[in-house]
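**Q**
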Amino acid sequence: MKKWIWLLPLAFAIGLGAQYWLHDSSEKDSVSATLASANNDNIELFDPNDSRVRIIYFGFTRCPDVCPTSLAMLSGALKQLEPQELAQIRPIFISLDPDRDDAALAHQYAQYFHPAIEGMSGSLEVTQQLAQRYGVIFQKTELEGSELDYTLDHNSYFYFIDAQGQLVTKVPHALSPAPVLAAIKTMTTP
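Okay, so the sequence shown: first residue is 1 according to full-length UniProt numbering, each after it adds one.
(1) Suppose you measure from the CA of residue 23 to the CA of residue 110; what does that come to, to the nearest Å?
(2) Determine, using beta carbons only, whether residue 159 and residue 56 come nearer to each other than 8 Å.
(3) Confirm, please, whether the CB-CB distance from residue 82 to residue 190 is below 8 Å.
(4) Return helix, strand or coil for residue 147, following the three-state DSSP convention.
(5) Using a 10 Å radius around the Cβ and a threshold of 16 neighbouring Cβ atoms, would you call residue 156 buried or exposed?
(6) Is it right to say residue 184 is buried, meaning 16 or more other beta carbons lie within 10 angstroms of its own, or is it exposed?
(7) Answer yes if the stretch 66-78 comes into contact with the stretch 126-139, meaning at least three C-beta pairs across the two stretches below 8 Å, and no otherwise.
(8) Could you round the C-beta distance between residue 71 and residue 98 to whole angstroms and report it? I think they count as a contact, below 8 Å.
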């Protein structure tokens, strides 16, 4: 019995650590993201009353190549869905460049690719919080001698997120709609 007495403080320490981790995790898991829609209405991105899976693509409207290619692939996947499947998802383009992309411009850009894709923009603070939460990497790169002044370097994924803001899966940039379509099919019912 005396040999096992040291387990009591160890169990206590593990319990405290677990409580700290669970408390920290629950704070991290509660996410609120208010973005602006095309009409500058405030939209709560994660509404538990809206059960649709969010397919979020983070980019910017002045992106020369990766963003338009990715949104074209998303559009290609959306065009292959049945109406009842399309009703179960919420495709969203979120601008990483709120200084230049207001909500109306982000929405206009997204709509060019497919009418179901919503374009949104938020404050830089909200954008950075969302980026950090889901592992979106982006940075501003100055462009000397360019009228654009800067561009954004960023990773390119489609983030499949549930109504509570939990990441379900992410699909990397591809040159075919097939990977996005396959992920959608696993999360919808025909």
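Each residue gets a CB set at the ideal place from its N, CA and C atoms; glycine is no exception. Values in this document were obtained by computation on a predicted structure and should not be read as measured data.
**A** Walking through what the data contain:
(1) Mapped onto the sequence shown, residue 23 falls at position 23. Mapped onto the sequence shown, residue 110 falls at position 110. Any reading at residue 23 must be qualified, since the residue scores a pLDDT of 38, below 50, and its modelled position is unreliable; no value is offered.
(2) For the purposes of this step, residue 159 is taken as the residue at position 159 of the sequence shown. For the purposes of this step, residue 56 is taken as the residue at position 56 of the sequence shown. Yes. Within cutoff.
(3) Locating residue 190 in the sequence shown gives position 190, where the first residue counts as 1. Locating residue 82 in the sequence shown gives position 82, where the first residue counts as 1. Cβ distance < 8 Å, so residue 190 and residue 82 count as in contact.
(4) Looking up residue 147 in the sequence shown gives position 147. Three-state DSSP puts residue 147 in coil, outside helix and strand.
(5) Start at 1 with the first residue of the sequence shown, and residue 156 comes out as number 156. Buried, since its Cβ has 16 or more Cβ neighbours within 10 Å.
(6) As a position in the sequence shown, residue 184 is number 184, starting the count at 1. In summary, residue 184 is buried, with 16 or more beta-carbon neighbours lying within 10 Å of its beta-carbon over all protein chains present.
(7) Note that the stretch 126-139 does not touch the stretch 66-78; fewer than 3 beta-carbon pairs, one per stretch, sit closer than 8 Å.
(8) By 1-based counting over the sequence shown, the position of residue 71 is 71. By 1-based counting over the sequence shown, the position of residue 98 is 98. Not a contact, Cβ separation roughly 18 Å.
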